[in-house]
Structures are given as structure tokens and as C-alpha cells.
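Residue numbers (this note's numbering), protein chains in the order written: chain Z, 1219 to 1505; chain H, 1219 to 1505.
In this text, a Cβ means the ideal position worked out from N, Cα and C, and glycines have one as well.
See below for the structure under consideration.
What follows is the structure, given as C-alpha cells:
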């Protein structure tokens, strides 16, 4: 893998669709995921094993996994919040397919209490059994840390607090950590300050950027993060998901916009822009 | 003027056209400038009083000035390199129109020697008579400083050197200084470091950003500069001019892209995107 390669983690079918009102059929989800794989995306988040009551959009993730083709070079990521979710995942996974299990915490106490109903420290405790199960099963782990720049409850998140939280998460198990600007208020300078703190302890290849475009600066923040050596970014096809804190506003940066920027900057993504355009069209029709 | 207002300095008809092969007729230049004013642009660089041998594209600036309408709220900027140019400008200016006279230096010695055939200190000396004439005549001055991030001859430009050069230029006369990333290699972090140094001594309202999109990061650098309080940016309609150091590559950031970003970020520009789109179409047909 050359230095100019940037890995895109497509989160539309999970992080995106989970924040859309429509609940898609298994068939439509699989069609969307197949179009993303056909465009050259190699890391695709396809669902989550969470409570079907809390997140009805993801209730059929087991059937999505059963229906997806086993592809040589594609890793399917699933969000697994607890050991119950792990058991569901373990039952649904198919031989031959590559999976990644994602866990989720917040860098801010306010968001952790509101979203996970516990402190940050407790949320890290809670995911230990999932991490251990994944390690034992040889399934790759990934951590999401939200509110790395601002929290809707606590205000700005101090960079040192983000660095501490990432460190505590990675004490549980080796994993890449995706840093989320959940409110989409990050700016290049704040992104750089936050990443500076984190990269003091963690190599850049173990960090991904997850920028929301709510404030219109997602691509500027990606450009800033690239400067500090980040080569992994999350995005959602068609900007699926929007912003849960500002109805109608953009949330996850759109994969097609991210790819256009990266190609313009001379990076290699392995993604075909024409095919990606077709996937984006499909995503917009589905929402 | 609210804090959210961003002033765009349209440089397409001068800085842009001067780097295009085609030499436009006075009529076509005036049509382009009128379409820019109609779109709501209030600061338009319309020509330069330089040697017609060195820059044949600008040889008819006196006739452009004669043909342009006197508009209540539009300032026409002209580049004036020396007292000979000032005399030509003084003869061509029309009563009732608002003008701004721009002077040009480099932050790097290599570019200064190559482009102006003298040291940076000498180039500042050379523009003193123009600055004095403008002050005396009550014409607003503006300074361009090129190579504020990289120089094609000297490599990276140290931020302290840019700050020093800006200070020496403003010792000549009060003026807004536009800082040019001439090679288009700036990144958000380098932009922030350079501006940090400059803004230590100069208020943000006296500094403009002039970013080239050669490296694809012009808008990311604008976003970074906005964070530090800059509210003045240069751009060229349709991206006129390209990059003199990389044929076919983009140079000046396109005004229509800059306006789209600023509006997305919630800034007010006074520019009508639809009319601007028509001006961009015209610019692309002319080049």
C-alpha cells in the first residue's frame, strides 16, 4: 500500500440509514451494499446488533449478513454494543466473509450519559467482553469515539480529554479508533489541535477521521487531518443519515464528495467515481 | 457590515486574464466586468498599468477604464507597479468612479529577483512613490504579497519572514495586504501557522487571503483563514488564469466555488449565485 492510499470506511448502510426515517427491506439494503462494493469500497459498515426496539432500522442485520455475497476483498463492519449483540453477530456471520466489529463510546461525559446511559469509564468497561470475544475469534475491532470536538451537552471537548479517552479505549484491545465530530462544528484549527493531542500517543495509521458536514467544513477538516498523516476516513454514500441534531442539515460527509476531494489531492482510493455516482443515486432514492 | 460579511475581491479580469493566452478586446473585458458587478461583486480588479511589452493582455487598461460604467458601490482595482504606471492611471481615471491601486511584492527573495528583478527590500523602496501619489490623491491602496507559503526558487517561506515583509510593506503606507499562496501548495496547518505570525502584528481586517487551488486545497485554506478572522478573499471568476507554474492546473480559486463555500458556511457575500454562474460561463467562453 503506497503512502498515497487513503482508505474509506463507508458507513452509509449503518450509521447513515440508522438516522433516516425509512426502514429499508433487506433486499434494498443488500442492493445498496453491493453497489458500494462494486464501486470499489473495501470497508463497508452494513448493520448493527443493537436493540430492535431502540433502532428498528437495524433489526434485520442478521438477514442482511446472510444475504450479502462473500467477497474476497471486502470487510463488512457491524456495530456490536454488548455481549448479547456479539452472540447475535456470531450466529449470523458467514464462513469466508471478512468482518470487523465496531464498538462505540463518547469523548464527553454528557453525551455518554445521554446516549449510553453511563459514564465514559463505565462504557469502556461495558465493551470489554465484546473486545475479548472479538480478539478470541480473530475478528478485527474498531472503536468509534464521538464528540471529539464538541458535545451537545458539555460544549467544547478538550483535546487532552480526547487523547485520554482514546488511550483508555485502546488499553482494552488493539484497534483503530475513528474520531467523530458528531456535531459537525469542527474547524481545521480545532481538528489539528485535537489530532495533535491524540497523535502524541497513537500512530496515525491507528486513527480515522469521521467528519460531519453540518457546518460545511468536513472536507476542510479532512484536508487538515491528511496533513497530520491520517489515511482513514469515514463517510456515508449520498450523505445518508443527515444530522440528528439539526433536521434537514447534512451529517456524515458524503462519500462521493470525499472521494472527489481525495482524487483531486492526488490520493488513491481504489474507488471508481462513476460507479460511486450510481451508488449515490441509489442511496438518495432509498432515503 | 455584520461580522458574517465576507468581502470578495474579484481578480479574474486582471490577475486571471493576464495569465491566459488570449488577448481580449476592450468590449469583451468590459462585458465580463459588467457581468461580475451585476452578480454583486463590489471589488473588481480590472487591469494593470504595466509594460505593454511584458503584459500585452493588459495594454488596453486605459480604454477599459474609459469604457466601464461609473457604479455607486463598485471599486475598480488596478495594478500599478511604478510611477509611470501611476501617471497612466491618473490620466485614465474617471470622475465619480471609485478606484483602488494595488502594488505587488514577494515574500521570498528568489521570486522577487525572478519576477521583479530586485530584492524584496528594493521592491518595497520602488513602490514608495506610487504609495505617496495614491495617499495624496486619496486613492485606496492594496498590497499583494506573493509566495507566502512556498517559493518556486527558495522552497518553503518561513512564517516570520512573511510577517516581517507585511510589516515593512505597511510601514510605507496604510493598506490591506493580500497574502498569496502563489504555488497553491498551502495546507490548512501551514496557512494557520503563516497567518498566526502575520496576525501577531496586523489586525485581521487588514489581511486578505489569496489562495490558489493548484493543490486542491484552496477552499480548505479559506476555511482555516476564516477561523482566524479573515473576512477578505481574492478569487477569479471561472478560475481564470490557471497556474503559471503548472500548465492546465488550476490557479486562482474560482469565485463561484468560493461563494458556494462561504454561503454554505453561513457567511453573507452580497453575491447572487445565479448571476455569478452566468459570469462564470462567460469567463469560460472568453478564455
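Going by other Cβ atoms of all chains shown within 10 Å of its Cβ, with 16 needed for buried, is residue 1456 of chain H buried or exposed? buried
Answer with buried or exposed for residue 1223 of chain H, where buried requires no fewer than 16 other C-beta atoms within 10 angstroms of its C-beta. exposed
Near-chain H residues of the segment 1384 to 1408 of chain Z (beta-carbon distance less than 7 angstroms), N- to C-terminal order: 1405, 1406 and 1407
The segment 1250 to 1262 of chain Z / the segment 1225 to 1232 of chain H touching (three or more Cβ pairs under 8 angstroms): no
Entirely within the segment 1273 to 1300 of chain H and at least 3 residues each: give me those beta strand (DSSP E) ranges in chain order. 1293 to 1297
Specify the secondary structure class of residue 1219 of chain Z as computed by DSSP and reduced to three states. Because the pLDDT of residue 1219 of chain Z is 40, which lies under 50, any placement of that residue in the model is unreliable, and the question is left without a value.
Report the rounded CA-to-CA distance for residue 1273 of chain H versus residue 1345 of chain H, giving the unit in angstroms. 19 angstroms
So that I know if they touch, is there some Cβ in chain Z lying closer than 8 angstroms to that of residue 1445 of chain H? yes
Is residue 1504 of chain H closer than 8 angstroms to residue 1242 of chain H when the C-beta atoms are compared? yes
In three-state terms, what does DSSP make of residue 1320 of chain H? strand
At a CB-CB cut-off below 7 angstroms, which residues of chain Z make contact with residue 1316 of chain H? What residue 1316 of chain H touches in chain Z: nothing, since even the nearest Cβ is about 32 angstroms away.
Would you say residue 1456 of chain H lies against chain Z (beta-carbon separation less than 8 angstroms)? no
From residue 1458 of chain H to residue 1494 of chain H, what does the alpha carbon distance come to, in whole angstroms? 14 angstroms
Starting from residue 1495 of chain H and walking both ways along the alpha helix (DSSP H), at which residues does that stretch end? 1491 to 1504
Would you report the Cα separation of residue 1210 of chain Z and residue 1431 of chain H, rounded to the nearest angstrom? A question about residue 1210 of chain Z goes unanswered here, because the residues of chain Z that appear run from 1219 up to 1505.
How long is the line joining the alpha carbons of residue 1315 of chain Z and residue 1388 of chain Z, rounded to whole angstroms? 25 angstroms
Would you call residue 1373 of chain H buried or exposed, if buried means 16 or more other Cβ atoms sit within 10 Å of its Cβ? exposed
For a quick check, are the C-beta atoms of residue 1437 of chain Z and residue 1413 of chain Z less than 8 angstroms apart? no
Round the Cβ separation of residue 1404 of chain Z and residue 1363 of chain Z to the nearest angstrom and send it over; I've been treating them as touching at under 8 angstroms. That pair is no contact at about 13 angstroms.
Alpha carbons only, please: which of Z:1322, Z:1355, Z:1271 and Z:1245 is nearest the one belonging to residue 1309 of chain Z? Z:1355
Contacts around residue 1462 of chain Z, its chain only, beta-carbon distance under 6 angstroms, and the 5 residues preceding and following it disregarded: 1237
With a threshold of 7 angstroms on Cβ separation, who are the neighbours of residue 1278 of chain Z within its own chain once the five nearest residues in sequence on each side are excluded? 1244
First and last residue of the beta strand (DSSP E) that includes residue 1361 of chain H? 1358 to 1364
Residues of its chain near residue 1328 of chain Z, where Cβ-Cβ distance is below 6 angstroms and the 5 sequence neighbours each way are ignored: 1369, 1371 and 1372
Any idea which residues DSSP pairs residue 1303 of chain H with across the strands? Residue 1303 of chain H pairs with nothing; no bridge assigned.
For residue 1232 of chain H, count neighbouring Cβ atoms within 10 angstroms of its own Cβ and tell me buried if that reaches 16, exposed if not. buried
DSSP puts residue 1225 of chain H in a beta bridge; with which residues? H:1450
Closer than 8 angstroms between beta carbons: that is the criterion. Which residues of the segment 1471 to 1496 of chain Z meet it against chain H? 1479, 1482, 1483 and 1484
What first and last residue would you give for the beta strand (DSSP E) that runs through residue 1396 of chain H? 1394 to 1399
Just to confirm, are residue 1429 of chain Z and residue 1450 of chain Z a CB contact at a threshold of 8 angstroms? no
Closest Cβ-Cβ distance between residue 1437 of chain H and chain Z: below 8 angstroms? yes
For residue 1266 of chain Z, the first and last residue of its enclosing beta strand (DSSP E): 1261 to 1266
Can you list, in chain order, the stretches of the alpha helix (DSSP H) that have 4 or more residues and sit fully within the segment 1404 to 1483 of chain Z? 1406 to 1417, 1436 to 1445 and 1473 to 1482
Buried or exposed (CB count within 10 angstroms, at least 16 for buried), residue 1283 of chain H: buried
For residue 1389 of chain Z, which of helix, strand or coil comes out of DSSP? helix
What are the boundary residues of the alpha helix (DSSP H) that residue 1333 of chain Z is part of? 1327 to 1334
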